[in-house]
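In terms of my numbering, the sequence shown opens at residue 8 and continues consecutively.
Note that beta-carbon positions come from the ideal geometry of N, C-alpha and C, so glycine has one too.
The model shown is predicted, which means the values in this text are computed figures rather than measured ones.
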Amino acid sequence: MYFQFLIEDKSTEILVNHVMDKMQKQYWEKDIIWNIKSFGGIGHLQRKGTVLEQKTGKLLNDLPSYMRGFSKVLQTMEDAALIVVLDNDKRDVEQFRKELENVAFSNMILCDYVFCIAIKEMEAWLLGDAEAIKKAYPNARMQCIKKYEQDAICETWEVLADMVYPKGVSKLKKKSGDGYAEIGKAKCEWADQIGRYLDLHNNQSPSYQYFINALEKRVCA
């Protein structure tokens, strides 16, 4: 089984690689191969009537051209799927999914594909596994998770920062200043450290479960 991933950013790429390593070990008798194309952020979907397509390095902006390109290749392969992984942020989930499906429909994507939306963002998948957090960060302030509602449109990475970052989210934001570099660096570290211990199946995040089910459905077909 071959998986081609289109992924919003580097931290999610790191986490997906950990997940796929675990998937490969669990289904060792299957031939699981994957490739990841990650972007420099989510961007936005092109408005109707936009004719000119230019690569922007943002996932949603470039989604039509990448889906068309990979669809042509994946159609020629026996067992292959295109997996698009991205954050929901503050969007209405069902409306966002409809918009994504419309991109696939309007661009006549004929290969097997699925949109996996992290609600509200990838860190929700990390927060869904408290045991993995404790293993990665033995001194984590686990009481902070009480203020988080799983897969809700609420502060997500901020809660994780309060749990594992020295002196919490306020310190991280202060260090980051007006930029995003320090926050992005921290997110990559969390994805790597917690991702190492993430359980494939024991996770409280429904959007993570959707992602895993989408993968296993294809691996076990």
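- Between Asp158 and the rest of its own chain, which residues show a CB-CB distance below 6 Å, the 5 nearest in sequence each way excluded? Ile126, Ala131, Ser212, Pro213, Ser214
- Message: Per the DSSP calculation, Gln11 is bridged to which residue(s)?
- Response: For Gln11, DSSP records a beta bridge to Asn42, Leu89.
- If we call anything under 8 Å between Cβ atoms a contact, is Ile190 one with Met170? no
- For Leu93 versus Ile49, is the C-beta distance shorter than 8 Å? yes
- Using DSSP with H/G/I as helix, E/B as strand and the rest coil, what is Tyr120? strand
- Query: First and last residue of the alpha helix (DSSP H) that includes Tyr282?
  - Reply: Any property of residue 282 remains undetermined from this structure, which presents the chain solely from 8 to 228.
- Query: Sorted by chain position, which residues of the same chain lie with C-beta nearer than 8 Å to Gly56's C-beta, five sequence neighbours on each side aside?
  - Reply: Unreliable placement is indicated for Gly56, whose pLDDT of 49 sits below 50; no coordinate value is reported for it.
- Thr83 classed as buried or exposed, judged by whether at least 16 other C-beta atoms fall within 10 angstroms: exposed
- Query: Along the chain, which unbroken stretches of the beta strand (DSSP E) at least 3 residues long are found entirely within the segment 108-167?
  - Reply: With a minimum length of 3 residues, the continuous beta strand (DSSP E) runs that stay inside the segment 108-167 are 120-125.
- Message: Taking the straight line between their C-alpha atoms, what separation do you get for Glu128 and Ala87?
- Response: 26 Å
- Query: Hey, would you say Val110 sits closer than 8 Å to Leu70, going by beta carbons?
  - Reply: yes
- Query: Where do the N-terminal and C-terminal ends of the alpha helix (DSSP H) with Arg225 fall, by residue?
  - Reply: 213-226
- Task: Determine the burial state of Met30: buried for a count of at least 16 other Cβ atoms within 10 Å of its Cβ, exposed for fewer.
- Result: Counting Cβ neighbours within 10 Å, Met30 comes out buried, since at least 16 surround it.
- Apart from the five residues on each side of it in sequence, which residues of its chain come closer than 8 Å, Cβ to Cβ, to Lys182? Glu189
- Query: What residues in its chain sit with their C-beta under 7 Å from that of Ile124, if we drop five residues either side in the sequence?
  - Reply: Leu93, Asn95, Val100, Phe103, Arg104, Ser214
- Query: Terminal residues of the continuous alpha helix (DSSP H) containing Trp197?
  - Reply: 188-202
- Item | Bridge partner(s) assigned by DSSP for Asp94 | Ala125
- Give the DSSP-derived three-state secondary structure of Leu207 in the structure shown. coil
- Message: Closest to Ala147 by C-alpha separation, out of Glu108, Val166, Asn220, Ala221, would be which residue?
- Response: Considering only alpha carbons, the answer is Val166.
- Query: So what does DSSP say about Ile21, is it helix, strand or coil?
  - Reply: helix
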